[in-house]
Structures are given as C-alpha cells and as structure tokens.
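Peer 1:
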Amino acid sequence: MTTRTPKDRRRNNRGRGRRGLTVRIQLALIAVVSILALLGLVAVNAAQLWERQENLRNDVSTGTLGGEASLPLFVGTQAERRLSAAYLADPTPAARRALDEQRQRTDRGVVSFRHLSGSELEVEQRHEWQHVERIYDELDELDDVRRRIDNRDIQQDLATAYYTGLVTKLIEFYQALSAMDDPELTVETRALVGLFWASDGLALEDTLIAEARAAGRMTASHRQQFAEAYGTQRVMYDRWITPYLPAHDRATYDRITASEAWATKSRVERAIINAPTTSADGHVEELPREVARWEDAHAKVAQEIAALNLSRTQGLLAHGLQRADELRTQVLWQVGGSLAAVVLIAVLIIMISHKVIRRTGRLRDEATDVAEVRLPEIVQQLQHGAAPDLAGLPVVSGDRDEIGRVHDAFARVVEVSVSGHEQLARERAGFGAFSAGMASRTGNLVGRILDRIDDLQDTYGDNPELLDGLMAVDALVVGVRRQTENVVLLAGGEIPDPYQEPMRLADVLNTAASEVEDFERVDQHALSEVSLDAQAVSWVIHLLAELLDNATRYSASRVTMTAEAINDRLVIEVEDRGPGVAPALYEQMNERLRTALPYADLARDAHRLGLFTVGHLAQQLGAEVTLRRGALGGTSAVVLLPGSLLVRPPAPPARTPAVENEAGAVTPVAHRPDNQPEPDHQPEPDHQPDPGAEPGPRPHPRPEAVSTPKPAPAPTSDPSPSGPPAAGLPALPERQPGTHLAPQLLQRRGPVVRDDGATPEQVADAYAEYELATSAAETQAPPAHTFHRVGQEQPR
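The following block contains the structure:
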C-alpha cells in the first residue's frame, strides 16, 4: 500500500471542497470568462480599427500640413536652380535681377517650411522627423552656395547638384508623408510620388537647356544628365503614374500628353538627345533649332503637371478622410453587433454548462488525478519492485450517454496502461536477474582464469617472453572481468567487495591503473596521505579503471592521474592528450553522468556502457564526475569524492626541540615529566625496508584486505624499559654526541644534502628496483620481469 503524503491529501480535500461548494460559482465563472474573452476580442479588434482610422486622419492632416509647408519651397528651389545655372553660364545684369527676385520667393518658402514643420509636424508626426532634419541640413548650406554663386567661385555642376539634392530630400519627405495606414491608399500614393519625380525631371531638363542657351553649347556631361532626366520621366509615367491614376486624373493626364505643348516638349527632348556632335569630347557646339520653342512649351506643360500634382494630392487626402469615416462606421457597427452576439452566447453558455459541468468536472478531476498522481505512483512502485496500489483507479460504470462512454473508455485505457507497466516491470526484473546471474557466473570463471594465470606467472617467472605474454593475457582478462562487473552493476547487482580495511590513496590509484591494458602509460600522483574507507575501495577502483580505460584507448600518449584531498573532499583528475570533443558533447555526457538513465537510453547507446557505469558508480558513492577539455588538449575527467569516504592517518608526533651544548653540537631535548632523568642515548628505529618485497603490484588481482601502513614509532625521551628511577636517586649523566671530537672535525664539510621532495613510496620503489637489479647482476642471470610502479621509469 502506498501512503499518501499530507500535501496530497490537502490537495484532494481542496479539490473536493471546490466541487461541493462552488457549482453555481463554476457556472458563473465559465459564463463570465467566456463573455470577457469575447468582449476582449471585440475590444482588441475595435481598438485596432479605431487606431487605424485615427492614424489615417493624422496622416491626412500631416499631408495637408506638409504640402502647405514644403510646396513653395519645392517650386522655388527648382526655379532657383534654373536661374543659378543660367547666371553662372552668362552673368548678365538681367540674369542677376531674375536670380535675386527668385531667391526672395525661395526664402519665403524656407521661412514657411521652418515655421510650419517646426511648430506642428514635430508633434503630430514625430516618426517622420528625420526627413525634416535632412531638409534642415541642406538649407543650412543655402547661404554659402548663394555666396559662391555670386562670387562665381563654384562650378555649375556643383551648384546644380546642390539644388537637385535639396529637391530630392523634399520628394523623399513627400513620400514619407504619403505612406498611409491603409493598403488601398498606399497604392494610390505611388502615382503621387511618381508625379513629383517626373516633375523634377522636367524641371532639371529646363535647367540644363537654360544653362546651354546661356553658354551657347551643351557639354557632354549635361547632355547625359538631360538624357537621364528624360528616361526618369518615361519610367515614372509608364510604370508608376499611369497604371495607378484614378479615372478623372487619368483623363487629365491623357489630355496633357495629347496637347501641342507636350508634343513640342517631346520634339525638343529628342532633338537634344540626337543632336550631332562635331568635337571629340562629345559637346554639342550648336544647339538644335527646336530649342527656341522649349520655353513656351515647358511653361504650359509644367503648369498642367503642377495642377495634376495638386489634384492628385487633394484626391489622396480626400480619399484618406473618406476611408477614415468608413472605418469609424465599421467600428461602431462591429461593437454593437458583437455586444449582441456576446449576450446571446452568454445565455447559451449558462444553459448548456448547467447541464454538463458537474459530470465533466468530475471526469476531468478524475483524469487529472490518475495522470498526475496515481499512474506515476504505480510506475514508481513497480520500478522499485513493490506491489502496485490499484485502489482509487477508475472502473467501468456502464453509463450509456456520451460522458459515461468517455468515462468507461478512460477506465479501460487506465487498466491497459497499468497491466502493461506490470508486465514490463516483471520482464525487466526477470531479465535483470538473469543478466546479473550470467554475469556473476562469467565473473567466477574469469576469477579462476586469473588465478590460473597467477600460477603460470609464478611457475614460469624466469622466462621473460612467456611472462610478457601471460601478463598481456592477464590484462585482457582483467578487462573482461570489469566489463562483466559493469553488466552486474547495470542489472541491479553488486560487484564483489574483498576489502576489509581502508586502503591508502596511492595504492588505490595503483590498483585502478593495473586494471587497464596499457597501465604502463598511466602516471600517478597521490598528493595527499589519506586512505579510502574499505566499503568504497572496490567502487572507487572500478570507477577510476573505467575512466583510465577510456583515456588510454583514445590517447596514444601518457595519461596522468592526480589525487589530492581538498577541503574535506578528495579530488581525482584523469587527463589524457587524445582528441577532444565538442563542448556540446561534453555537456551531453556530463548530463548522463548526473542523471540515472532508463533502460531505453542504455539500449540506444549500448556502445557507451562505460559512461553509464561511471554515472551509476558515482551515484552510489555520492560522488561527482565531470568531463571537460584538458588544459593541454584531450579530455580531463574530474572526480569529487565526499569526505565521508576518507580515512585520515594519525597525526605525526611533535618534533623534539634541540639545544646547542658547549661544544657546539646540537642535542635533542626530550619532553618528559618533572623529576625524570634524561636518557643517556637515543634509540635507533628497529624497522628496516624489506629487500625481498615486490617492486610493484600485479595488474589483475584485487587483494583480500589491504592495510594502511602505520608510521614508525618516533623516539621517545625514555627508551629504558625499566621505567623512571626511584625517587631520591640522582639522575644519570647525559652523553652528548660529538663532544669528544676535535674542533676541526666539528666543522661541516662538503655541500649540504637537501630534501629532493621524493615521497616515501617513491623511495621504497626505487630501492626495491635497485636491489633487484643488483641481485640479478651478482648471479649473472636476467632479472625476472616484474611490474614497476606506474608512472616511474624502469631501472636501466
């Protein structure tokens, strides 16, 4: 039986309270929410339409204001451009008087534009203010351009280019003002903007002709500009103006193009473009005779085109106001109709929900409870091997209406789901037990093979070649044993634990290294003198062996394994220099190390069995394993073991202080109780290194129990076994070493030998190898092949 937590019971009680006390409130909430949702939808749609018509009205007002403010400046700039070009070509008094009069008209346009745009447009159309600022920047240079024209220190092309740039900025301003918030009006603005560009092309042609008539000839560059202006007009009229003009404006345009003035204009344009050139630079030295008729024809056409521009502008603004009125009417009708529909829908919701809300609410609550609480609990119980608690699951009621049928179908779905999970749990448990059993039997056979290899190594230890082959087979069999233990672990079993006492950190690293095939390439560094708890030794060795096996497999160079106790935790790092992987893959592997994956993931990534094993072992040990890119390339695996797995060695005895005797010799002074005599000599340590000890561990066997080495006893102040002297007896004289030597012998000779930083384990291994080589040399026999400590070189 599964015990419900108080939180679950409170949640269920709250749910039952809501269902028993607030039926009317639930009906009212459904009606209110539905009505509010519909009202919100209506309000959002109406607000959008209302904002749209307001934007159209603002656009119309802004367009009216912009046209009133900038149109005098636009026309005046075109006229001043023409007269300035003529004056620079032929500075006659008549040309200067005409230019001064036009400048006054242009200045009135500048004042009008600055006043209207600065006082009104900045408030109503702030988003179009960048175009106004560009016009302001151009107008700031107007006085300087005029002064240079008066002094005749500016080229004609530069002066014409300035006025053309100002006109271009004004047309861009018109285009921005004409962009209304309506698709139909946006199409109509194309014709209006095209008319402005075409009229400016016509004005530029007039400027170039006036300059050519004053100079008596037309340069090749001016002729090219004339042709470009002519082409701009043709493109605008054919593609941007004629297709988008309304019917009445199209009739006006057809009347203009059919007039005699338009025909004369066209003949003059073709005559200039096709005029022959006699000079090599392409100048037209003699203007065509048709140029004499240009001024009258241009005046008529320009006046008619200006009237068409004005008509199209007014028509666009009027259509904008009409469209805004239509949108306002549409908003009012939509709001009224939507409100009536909301009332009708609200009545229907209340009537229908009153009949079905109780049964659907009960079914919904039951389905939610099964999906979020009951089924997850049953699945969790089955995963832990417990009998599932099926109380509270829905059962078939036999109701014939629609809601009853849905309830019965849901009950059958739950029944099939629970049965499927039960069958899956039984099959998984059976297969796990079968896999663990087979793996355990395989492990027993592997253990017997390893024992047999041990016997062969002891028997044929004097045959180096055979011993090398046996050790290679030994390493492979050890790998088979580790893979078998992986299967046992992932199947839910436990690996054998032969250790009964804590093991030193250095021995743990050495044993883990001996588990891999290429153990000779593993460098070990135990930087702390600590031991691991006996219950965790096998798990840690297996975890490190998996990391080392992966490192040596993917790295051809040496692999470094470093361990150090930091802040009550043990940090072990395994670093190789093989090929690295992408950061995303590191993150994916670390996620798999942190979370317990289901068997589906194991089946999908069976080639990463070691990764799953490391994650499983880390969870059992309460450790953290992180894979990252190494500092020198390759991959670095960092293992953090909790401090509860560490066994600290006993604290070393306090050092004996020393005093200097009269002869200059340093004498240790023992700390002893009061009234105790000083000893007459210092005891010698009675333990010596065993010269017959093995120089290193064998690669495969796991010892039954590895004891932590104990430090040698420190010299004490009273080595006499008889204890302290009887009270009242005088203390024995204390012998001072070195006091009988001559003063010359007391002086130190030769260099001072300093500590080379070698650990006791390294010194012991070096001495054992040295003794083994010495014995082999004395007997004239080759030394038996033994395993050296991983990370140190063989004696040469």
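If you use the UniProt record's numbering, the sequence shown corresponds to residues 1 to 796, in order.
Each residue gets a CB set at the ideal place from its N, CA and C atoms; glycine is no exception.
On a predicted model such as this, the values are computed, not experimentally measured, just so you know.
Relative to the C-alpha of residue 98, which candidate in 538, 306, 86, 363 has its C-alpha closest?
Peer 2: 86
Peer 1: For residue 328, collect the residues of the same chain with a Cβ closer than 6 Å to its Cβ; drop the 5 residues on either side in sequence, then sort them by chain order.
Peer 2: 53
Peer 1: Give the list of continuous alpha helix (DSSP H) stretches no shorter than 4 residues that lie fully inside the region 80 to 155.
Peer 2: 93 to 116, 129 to 139, 142 to 151
Peer 1: Can you grab the Cα-Cα spacing for the pair residue 148 / residue 263, in whole Å?
Peer 2: 38 Å
Peer 1: Give every residue of the same chain whose Cβ lies closer than 7 Å to the Cβ of residue 585, excluding the five residues on either side of it in the sequence, and list them in chain order.
Peer 2: none
Peer 1: Could you pull the start and end residues of the beta strand (DSSP E) that residue 524 belongs to?
Peer 2: 522 to 526
Peer 1: In the DSSP output, what is residue 471 paired with across the bridge?
Peer 2: Note: residue 471 sits in no beta bridge, so no partner.
Peer 1: Hey, out of 457, 286, 441, whose CA is closest to residue 488's CA?
Peer 2: 441
Peer 1: Measuring alpha carbon to alpha carbon, tell me which residue in 203, 202, 175 is nearest residue 191.
Peer 2: 175
Peer 1: Looking only at C-alpha atoms, which of 284, 253, 254, 292 sits nearest to residue 267?
Peer 2: 292
Peer 1: Verify whether the separation of the beta carbon atoms of residue 539 and residue 495 is less than 9 Å.
Peer 2: yes
Peer 1: Taking only runs that begin and end inside the region 182 to 251, name each unbroken alpha helix (DSSP H) of 4 or more residues, in chain order.
Peer 2: The region 182 to 251 contains these whole alpha helix (DSSP H) runs: 183 to 215, 220 to 235.
Peer 1: Based on DSSP bridge pairs, tell me the residues matched to residue 626.
Peer 2: DSSP output for residue 626 lists 638 as bridge partner(s).
Peer 1: Would you check if the distance between the CB atom of residue 480 and the CB atom of residue 516 is smaller than 9 Å?
Peer 2: no
Peer 1: If I measure Cβ to Cβ from residue 648 and keep anything under 7 Å in the same chain, skipping five residues before and after, which residues do I get?
Peer 2: The beta carbon of residue 648 sits closer than 7 Å to the beta carbons of 530 from its chain, once the five residues preceding and following it are set aside; these are given in chain order.
Peer 1: Would you grab the beta carbon distance between residue 139 and residue 109 for me? Rounded to a whole angstrom, and I think it's under 8 Å.
Peer 2: Actually they do not touch by this definition, with Cβ atoms about 10 Å apart.
Peer 1: In three-state DSSP terms, what is residue 532?
Peer 2: strand
Peer 1: Looking at residue 142: is its Cβ nearer than 9 Å to the Cβ of residue 70?
Peer 2: no
Peer 1: Please return the same chain residues whose Cβ sits closer than 7 Å to the Cβ of residue 39, not counting the five positions on each side in sequence.
Peer 2: 342
Peer 1: For residue 212, collect the residues of the same chain with a Cβ closer than 7 Å to its Cβ; drop the 5 residues on either side in sequence, then sort them by chain order.
Peer 2: 218, 222, 287
Peer 1: Residues in its own chain within less than 7 Å of residue 312 by CB, not counting five upstream and five downstream?
Peer 2: 191, 192, 195, 249
Peer 1: Which of the three DSSP states, helix, strand or coil, is assigned to residue 569?
Peer 2: strand
Peer 1: List the DSSP bridge partners of residue 563.
Peer 2: 526, 572
Peer 1: Go to residue 444, then tell me how far its alpha helix (DSSP H) extends in each direction, as first and last residue.
Peer 2: 402 to 459
Peer 1: With a cut-off of 8 Å, do at least 3 Cβ pairs link the region 202 to 209 to the region 80 to 94?
Peer 2: yes
Peer 1: I'd like to know whether the C-beta atoms of residue 363 and residue 416 end up nearer to each other than 9 Å.
Peer 2: no
Peer 1: Give the secondary structure of residue 170 by DSSP, where H, G and I count as helix, E and B as strand, and everything else as coil.
Peer 2: DSSP, reduced to helix, strand and coil, places residue 170 within a helical segment of the structure shown.
Peer 1: Using a 10 Å radius around the Cβ and a threshold of 16 neighbouring Cβ atoms, would you call residue 535 buried or exposed?
Peer 2: exposed
Peer 1: Taking 9 Å as the threshold (C-beta atoms), are residue 45 and residue 334 in contact?
Peer 2: yes
Peer 1: Near residue 578, what residues of its chain come up, given a Cβ to Cβ distance below 6 Å and the 5 sequence neighbours on each side ignored?
Peer 2: Taken in chain order, the residues that qualify are 554, 555, 634.
Peer 1: What is the DSSP secondary structure of residue 395, reduced to helix, strand or coil?
Peer 2: coil
Peer 1: In angstroms with no decimal places, state the Cα-to-Cα distance between residue 656 and residue 537.
Peer 2: Reliability fails at residue 656, whose pLDDT of 44 lies under 50, so the model's placement of it is uncertain and the value that follows must be treated cautiously. Cα-Cα distance, rounded: 37 Å.
Peer 1: Given residue 568, which residues of its chain have a CB within under 7 Å of its CB, disregarding the five upstream and five downstream residues?
Peer 2: 643
Peer 1: Would residue 542 and residue 482 qualify as a contact pair, given that the criterion is a beta-carbon distance under 9 Å?
Peer 2: yes
Peer 1: Do residue 31 and residue 350 have their CB atoms nearer than 9 Å?
Peer 2: yes
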